[in-house]
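Written below as structure tokens is the structure these notes are about.
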Amino acid sequence: MYNIDNLLRENIKKLTPYSSARDEYQGEASVFLDANENAYGSPLAQQFNRYPDPLQYEVKKRLTEIKGVPPRNIFIGNGSDEAIDILFRSFCNPGVDNVILVPPTYGMYEVSANINDIEARKVLLTEDYQLNLEGIAEAIDERTKLIFICSPNNPTGNSINREDIETLLANFNGIVVVDEAYINFSRQKSFIQELTEYANLVVMQTLSKAWGLAGLRVGMAFASEEIIRVMNKVKPPYNVNESSQQLALEALANVAQVNNWIKETLIQRDRLVLALKEFDFVVDIYPSDANFILVKTTDANGIYDYLVSKGIIVRNRSKVELCEGSLRITVGTPEENTVLLDTLKNFGN
Ligand SMILES: *Cc1c(COP(=O)(O)O)cnc(C)c1O
């Protein structure tokens, strides 16, 4: 049976979180002499002399309107990378516990595991980049705390079968993290709808991809109230800065603009797939539910170096198991995609 108390680290269970000046006084007041801020202002046109809201309430309220999830079920991090790290620090005892990763997948899960001295048990995806449920079941033991599933998956681009993720959620007594960084580009629906069904589900999303705000560092985790409470307790008190909160709020008003870009990206993705198929050095193009495509080639290193020499950078994934010979290409603007395709026409000449 899943029970958060069996998963939490003892020190986190007992932790008294940092109490900030703004935590201790929350009413209306006009004179704030409680946080050792500079009362005169900032040497800027815009004022940042006050500490930001530790729980990012305005941003969460707006996310509630967009995602249909109440603020108490939302965690906001300094990028989703912070949410990943906080899950490790909350649930995994260094040198003792383990997590399950399903490569080829996003590299940060393993880096975060290594930083926290947590064993990462790797169960390769199948040839068609789906979960090996038997292999995962064998790898799980009583010290397994987290399973990371990325869907749509980076770098392969495909979505992971929904029923397989639900099988894990229903049978694993630890936490299943579903990383939906690319969900806006997907034909699949989000797992956010399943939050009421599964207490051990964490859905991660980010403003770094479709929302075009990678530079602001704003990532979200959606989960049960008890998981979010723990994450808020463990995070640095002011983990999302004031400027990022203000700009994120402003950006979240522009849903229509983002939806137009998503539509255009999907059109451009189809265009790239059609055009790339025609090159003889392209062996295979994997179906993508994301804003990038994984392209298997006869000479990944040669093409990569050639593109670099022309000032075009793609991601060389040819050293990654199950991605041999493959390049990961992000869908660009129509003009950028034209430059890419025109340049590739001269490869080998
Ligand atoms: C890009 C990406 C993220 C985003 O991370 P941020 O820290 O929010 O920028 C998360 N997960 C995956 C799989 C990604 O590819």
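Using the UniProt record's numbering, you'd call the opening residue of the sequence shown number 1 and step up by one each time.
Even glycine gets a Cβ: it sits at the ideal position worked out from N, Cα and C.
Residue i, DSSP secondary structure in three states
{"i": "GLN205", "result": "strand"}
{"i": "ARG328", "result": "strand"}
{"i": "ASN301", "result": "helix"}
{"i": "LEU213", "result": "coil"}
{"i": "VAL69", "result": "coil"}
{"i": "LYS13", "result": "helix"}
{"i": "VAL283", "result": "strand"}
{"i": "ASN241", "result": "coil"}
{"i": "ALA333", "result": "The sequence shown places Thr at residue 333, rather than the Ala named in the question. Three-state DSSP puts THR333 in coil, outside helix and strand."}
{"i": "MET220", "result": "strand"}
{"i": "LEU294", "result": "strand"}
{"i": "PHE347", "result": "coil"}
{"i": "ASN200", "result": "coil"}
{"i": "ARG50", "result": "coil"}
{"i": "ASN3", "result": "coil"}
{"i": "ARG315", "result": "strand"}
{"i": "PHE75", "result": "strand"}
{"i": "LYS235", "result": "coil"}
{"i": "VAL31", "result": "coil"}
{"i": "ALA39", "result": "coil"}
{"i": "ASN260", "result": "helix"}
{"i": "LYS189", "result": "coil"}
{"i": "ALA248", "result": "helix"}
{"i": "GLU58", "result": "helix"}
{"i": "LYS277", "result": "helix"}
{"i": "TYR306", "result": "helix"}
{"i": "ASP270", "result": "helix"}
{"i": "LEU340", "result": "helix"}
{"i": "LEU321", "result": "Checking the sequence, you will find Glu at residue 321 rather than Leu. Here GLU321 sits in coil by DSSP."}
{"i": "ASP23", "result": "helix"}
Exposure label - residue i; buried when at least 16 CB within 10 Å
{"i": "ARG72", "result": "exposed"}
{"i": "SER90", "result": "buried"}
{"i": "PRO311", "result": "In the sequence as displayed, the identity of residue 311 is Gly instead of Pro. It counts as exposed."}
{"i": "GLY68", "result": "exposed"}
{"i": "ALA253", "result": "exposed"}
{"i": "ILE228", "result": "buried"}
{"i": "GLU134", "result": "exposed"}
{"i": "ALA39", "result": "exposed"}
{"i": "ARG162", "result": "exposed"}
{"i": "MET231", "result": "buried"}
{"i": "GLU180", "result": "buried"}
{"i": "MET1", "result": "exposed"}
{"i": "ASN3", "result": "exposed"}
{"i": "ASN260", "result": "exposed"}
{"i": "LYS189", "result": "exposed"}
{"i": "ASP117", "result": "exposed"}
{"i": "residue 354", "result": "In the structure displayed, the chain extends from 1 to 349; residue 354 sits before or after that span and is not available."}
Minimum C-alpha distance to residue i - residue among the options
{"i": "PRO104", "options": "THR16, GLY212, ILE149 and ALA137", "result": "ILE149"}
{"i": "LEU168", "options": "ARG315, PHE185 and LEU146", "result": "LEU146"}
{"i": "ARG269", "options": "ASP284, PRO334 and VAL308", "result": "PRO334"}
{"i": "ASN241", "options": "MET204, GLY219, GLY95 and GLU194", "result": "GLY219"}
{"i": "GLU226", "options": "LEU213, GLY212, LEU201 and LEU249", "result": "LEU201"}
{"i": "ALA113", "options": "TYR182, PRO94, GLN130 and GLU127", "result": "PRO94"}
{"i": "residue 375", "options": "ASN316, SER186 and TYR238", "result": "The structure shown does not extend to residue 375, since the chain spans only 1 to 349, so no value can be given for it."}
{"i": "GLU64", "options": "SER151, PHE222 and ALA251", "result": "Inspection of the sequence shows that residue 64 is occupied by Thr rather than by Glu. Checking every option, the nearest Cα to that of THR64 belongs to PHE222."}
{"i": "THR156", "options": "LYS122, TYR304, TYR106 and VAL178", "result": "TYR106"}
{"i": "ILE267", "options": "LEU294, GLN46, GLU119 and GLY332", "result": "GLY332"}
{"i": "LEU195", "options": "TYR238, LEU216 and ILE165", "result": "ILE165"}
{"i": "ASP284", "options": "ASN349, THR206, ASP128 and TYR238", "result": "ASP128"}
{"i": "ASP97", "options": "PHE75, ARG121, GLU82 and GLY79", "result": "ARG121"}
{"i": "LEU340", "options": "ARG317, SER318, ILE303 and LYS14", "result": "ILE303"}
{"i": "GLN246", "options": "GLY41, THR16, LYS60 and LEU33", "result": "LYS60"}
{"i": "residue 369", "options": "GLU336, GLU119, ILE313 and TYR198", "result": "Residue 369 falls outside the range modelled here, since the chain spans only 1 to 349, and no answer is possible."}
{"i": "ARG50", "options": "GLN56, VAL320, GLU58 and GLY41", "result": "GLY41"}
{"i": "VAL178", "options": "ILE192, ASN184, PHE172 and ASN171", "result": "ILE192"}
{"i": "VAL123", "options": "ILE136, VAL111, GLN130 and ILE115", "result": "ILE136"}
{"i": "LEU55", "options": "LEU44, GLN26 and VAL203", "result": "GLN26"}
{"i": "ALA275", "options": "VAL203, THR338, SER30 and ALA170", "result": "THR338"}
{"i": "ALA45", "options": "GLY215, PHE88 and SER243", "result": "SER243"}
Residue i: CB within 7 Å of a non-hydrogen atom of ligand 3
{"i": "TYR57", "result": "Judged by which ligands are present, ligand 3 is missing from the structure shown, whose ligands are ligand 1."}
Any chain D beta carbon closer than 8 Å to residue i
{"i": "GLU335", "result": "Note that chain D does not occur in the displayed structure, where there is just one protein chain."}
Test item, CB below 6 Å from any non-hydrogen atom of ligand 1:
GLY79, SER80, ASP81, TYR106, CYS150, ASN154, ASP179, ALA181, THR206, SER208, LYS209, ALA214 and GLY219
Quick one: which unbroken beta strand (DSSP E) runs of 3-plus residues sit fully inside the segment 81-134? Chain order, please.
98-101 and 119-122
For the segment 138-183, list the alpha helix (DSSP H) runs that are entirely contained and at least 4 residues long, ordered along the chain.
162-171
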